[in-house]
Amino acid sequence: MSKWKFRNVLIASIALLSLVSGARAGDLVVDVNADVDPFGNDQMSISSLLSFQSANTLYALPMFNAPVGDHAAYWDNMVEQYDSAGVNAIAVWLKGNNHEATFANFVTAANKRGVADKVKIMPFDDNAASWTAMRNYQTTGHYDYSTLFDMSDPANWAYIWNNILKVFWQNVPDANRYKINGRPAYAIWSAAPAFLSHLNGNGSKMIGYLRQQCQSTFGFNPYILVPGDWIPNDPSSSAAGVVDGVYPWFVPVPGAPYKEWSTNTYNGVKYGVAVPQFHISSPADPNSSTWIIDPQNGNTLANGLNNTIGAGCALTLVEGFDDYWENTECWRAANVDRNGNALGYAQTYFDYPNERINILRAHSSTPFPANLKEEAEGCDAFAGGVSGGGVYRSGNISIQTCADTGGGWNVCSGKNGQTLTWDSVPFPGATHIYLRAACALSGKSMHFVIDGASYPAVNIPNSGGWQNWVTVDMGAYSVPVNSYHTVQLVWNADDCNINWWRLGPASGGAIGNGIYRIVAKTTGNVLSCRGGSYANGAIAELQPANGANYQRWSVTNLGNGYYSVRVVNADGTIGDSLDCTGCSPNDGTQVELWSYNGGSCQQWGFTQQPDGYYSIGTAGTKTGGAHDVLDGAGCSGAAGANVLLWGWDGYPNGCQQEWSFQPA
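The numbering used here puts the first residue of the sequence shown at -18, with every later residue one more than the last.
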């Protein structure tokens, strides 16, 4: 096949999982497409996908029937799925021709959904397309590789900067950028001689030029990742300070088995690659019979993550999410075709629509989110409803756009006995379930069924309108700590619109007495004692959860609106208190351990925010009467960040000022 056809097939979506200090998983970053190609043509609408499927092998269509040209709807849906998967960021393909400006739509959607503090964005440069093919198109009118991209020409370095990378950074504010070690990350795809010439001795110069331009234009030094073929083709790039990381991107070899995961080490840091499935889409391709990886009911992806993350990789790239060209998708897959016919495993290679999202989340930094949220329209199965005409998804389920905070969609026109079901839902332990509902009538109720056991029906109040939304506490649900369950929502009467449901503590913001991990919303890292110390003066910081007692906290309601928060000692006894250094309530005060005395610097107030997370404030007030809150130093939830006091920035904000309490 042609080089460009091969390029379309080979480049795939990836997910990047980072490991810090021996933890199971760190950041999860998925590599994705825009909804349009670099010439502005639609490539992700349902009509485009169906057209592709008619001539190629495409197994798993997305659940979402994306309309042509509705950029806001496309990104709104995708951002919700990234968040559901535990994704911390997306790595987006750069294609050139001002294509990079389209990712401003992601920023808008992330801000609208209220997840901009959790889901960031980084550039992944599809340099065969953005450097070589697009450069040729702009000079000769031919989008091909007939003229290789000359890496010895400084004018070409300027082309990369002015036409690709600078455009991306101009459209992505600093608050939305994904960073490694505090530096915005940037990845390059290939060093193949099929696309580039004169790389040897010049790749390092080009990287130096890009660093200089980033520093002078935007004030930062990027964290640059290159593929495994870069340094062999340009040994000068192995010099200290040229590249920051090397990931082992795989390239299929005709006639050879395609390995589902791989690892390598660069400068003492181990990197990995895994894939959930692989199948070249064109049946005319002579290599299609050998370029196949069987998903094995999700076990291929889980096994790949176990052998990369589980083997100590600092970064693991997982190919997938929206790469339908190679059938590596991790998106929420359709289980009903456009005519309402059920699609099974043989047609989709998914056991259920959210299967791969759930596997990604299980290997992320937050496998059991205390405030897990499930969208009604994204359920794994439905029954008893009526067709909504294909809005959002096909089948006998009515869905409409939603006017609730965050937008999105909601299930509407519910029928008595109608059900929505979710498989393999992670519960951190005993919890309440909250239902987001709108109903213009009285006398309606709904109930949940967990693993086949029905729970009591709960009245859904008359909210005064079908888009007037209220959150209903559906009661307490007792399940084992860190366990998976099948959850079903049932209508007990016609009507009632449903947006979502989520897990959380008892309503009113009250936290029960007990032992908890205190988890950062932005990263899933947990409140920890530096160096594993239990002594007076031990610094409070964030680290990945590892099960140690110095990450477990005894929380006790003091009866005055505040709580004590004390570390669990190595022997299981209750130890020192979380304390403000010098008993200061002011901005920048380091939080530390100190012998418990019950004073105001050891009393903490928990305020539940609209998303179910908590701000943790001091009992003492600073000048002016305000209460500071626990904050990740430098506005960060990263591993190693000190936990300080700082003024509350309001909800929502991009800093690490919100926390969840997970039973421990």
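For each residue, glycine too, the CB sits at the ideal point set by N, CA and C.
- Looking at C-alpha atoms only, which residue of K240, T309, C294 is the closest neighbour of E300? Of the candidates K240, T309, C294, the residue whose Cα lies closest to the Cα of E300 is T309.
Determine, using beta-carbon pairs with one atom in the region 47 to 55 and one in the region 103 to 115, whether at least three such pairs fall under 8 Å.
No: fewer than three Cβ pairs fall under 8 Å.
(Q) If I measure Cβ to Cβ from G446 and keep anything under 6 Å in the same chain, skipping five residues before and after, which residues do I get? (A) A distance below 6 Å between beta-carbons, with the five flanking residues on each side excluded, links G446 to the following residues of its chain, in chain order: A421.
**Prompt:** By a C-beta neighbour count over all protein chains shown, 10 Å radius and 16 as the cutoff for buried, is S646 buried or exposed?
**Reply:** Nothing can be reported for residue 646: it is not among the residues displayed for the chain, which extend from -18 to 645.
On the CB-based measure, 16 or more other CB atoms within 10 Å of its CB, does G249 come out buried or exposed? The residue in question, G249, is exposed, as its Cβ has fewer than 16 Cβ neighbours within 10 Å.
Checklist entry - Who are the near neighbours of Y167 in its chain, counting only those whose CB is closer than 6 Å to its CB and skipping five residues on each side? => result Correct list, in chain order: P104, P203, I205.
Q.
Can you tell me whether N37 is helix, strand or coil according to DSSP?
A. Here N37 sits in coil by DSSP.
_Could you give the first and the last residue of the continuous beta strand (DSSP E) run that contains C510?_
In this chain, the beta strand (DSSP E) harbouring C510 covers 507 to 510.
How big is the Cα-Cα spacing for P208 and L75? Roughly 16 Å separates the two Cα atoms.
Checklist entry - How many Å lie between W312 and I212 at the Cα? => result In a straight line, the C-alpha of W312 is about 33 Å away from that of I212.
Just to confirm, are F84 and N143 a CB contact at a threshold of 8 Å? At least 8 Å separates the beta-carbon of F84 from that of N143.
* Asked: Closest by CA to S65, which one among H80, G77, L191, V10?
  -> When only C-alpha atoms are compared, the closest one is V10.
- Using only the heavy atoms of the ligand SAH, determine whether one of them is closer than 7 Å to the beta carbon of R417. Inclusion of the ligand SAH in the displayed structure is not the case, the ligand content being empty and no account of it being possible.
Limits of the beta strand (DSSP E) - the one that K603 falls within:
For K603, no beta strand (DSSP E) segment is defined, and its DSSP state is neither H nor E.
Q | Where G456 falls: helix, strand or coil (DSSP) | A | Assignment of G456 by DSSP, reduced to helix, strand and coil, places it in the strand class.
Candidates T554, S576, D612, P591, of which the one nearest F570 by Cα: Going by the sequence as given, residue 570 is Thr instead of Phe. Here the closest residue by C-alpha is D612.
Problem - Neighbourhood of R498 by C-beta distance below 7 Å, restricted to the same chain and skipping five residues each side - result: Taking R498 as the centre and dropping the five residues before and after it, the same chain places the C-beta of V507, A526, Q532, R533, Q643, A645 closer than 7 Å to its C-beta, in chain order.
Using the three-state DSSP reduction, which class does S(-17) fall into: helix, strand or coil? Caution applies to S(-17), whose pLDDT of 25 falls short of 50 and renders its modelled position unreliable; the value that the coordinates give is listed next. In the displayed model, S(-17) falls within coil according to three-state DSSP, outside both helix and strand.
**Continuous alpha helix (DSSP H) stretch holding R337: start and end** = Per DSSP, R337 belongs to the alpha helix (DSSP H) from 336 to 343.
Here's a check: name, in chain order, each residue in its chain whose Cβ is nearer than 6 Å to the Cβ of S178, leaving out the five neighbours to either side. Only L129, D131 meet the Cβ criterion.
Worksheet item: Start and end of the alpha helix (DSSP H) containing L282?
Response: Taken as a continuous stretch (DSSP letters only), the alpha helix (DSSP H) holding L282 covers 280 to 287.
Checklist entry - Between the beta-carbon of L559 and the beta-carbon of V572, is there less than 8 Å? => result Result yes, Cβ atoms of L559 and V572 sit closer than 8 Å.
(message) Could you compute how far the alpha carbon of A510 sits from the alpha carbon of S596?
(response) Reading the sequence as shown, one finds Cys at residue 510 and not Ala. Distance between the alpha carbons of C510 and S596 is about 20 Å.
For F331, collect the residues of the same chain with a Cβ closer than 6 Å to its Cβ; drop the 5 residues on either side in sequence, then sort them by chain order. Cβ neighbours of F331 beyond the five flanking positions: A41, A314.
- Give the secondary structure of H260 by DSSP, where H, G and I count as helix, E and B as strand, and everything else as coil. Under the three-state reduction of DSSP output, H260 falls in the strand class.
Does the structure place the region 426 to 434 close enough to the region 455 to 462 that three or more beta carbon pairs sit under 8 Å? They touch, by the three-pair rule.
Discussion item. Considering just the uninterrupted stretch of the alpha helix (DSSP H) at E356, what are its terminal residues?
Written reply: From DSSP, E356 is part of no alpha helix (DSSP H) but of the beta strand (DSSP E) over 354 to 356.
For E355 and Y373, believed in contact at Cβ under 8 Å, the rounded distance: At roughly 15 Å, the Cβ-Cβ gap does not stay under 8 Å, so Y373 and E355 are not in contact.
When the distance is taken between beta carbons, is A521 closer than 8 Å to V624? Yes, they are a contact pair.
Practice prompt. Within the same chain, show all residues whose beta-carbon is closer than 7 Å to that of N480, passing over the 5 residues directly before and after it, in chain order.
Written response: Correct list, in chain order: A357, C383, D385, N391, R417, W450.
- Item | Counterpart residues of I520 in DSSP-defined beta bridges | When DSSP reads this structure, I520 sits in a beta bridge with E573.
Original post:
Just the Cα atoms here: how many angstroms apart are T562 and T503?
Top reply: T562 and T503: Cα-Cα distance of roughly 25 Å.
Considering just the uninterrupted stretch of the beta strand (DSSP E) at T382, what are its terminal residues? Run containing T382: 380 to 382, per the beta strand (DSSP E) assignment.
For S576, collect the residues of the same chain with a Cβ closer than 8 Å to its Cβ; drop the 5 residues on either side in sequence, then sort them by chain order.
Beyond the five residues adjoining it in sequence on each side, S576 comes within less than 8 Å, by CB distance, of N517, D557, S558 in the same chain, given in chain order.
Using the Cα positions of Y415 and S423, report the straight-line distance between them to the nearest angstrom. Cα-Cα distance, rounded: 19 Å.
Query raised in the report: For L353, does the count of other Cβ atoms within 10 angstroms reach 16, so buried, or fall short, so exposed?
Result: Buried, because 16 or more other Cβ atoms sit within 10 Å of the Cβ of L353.
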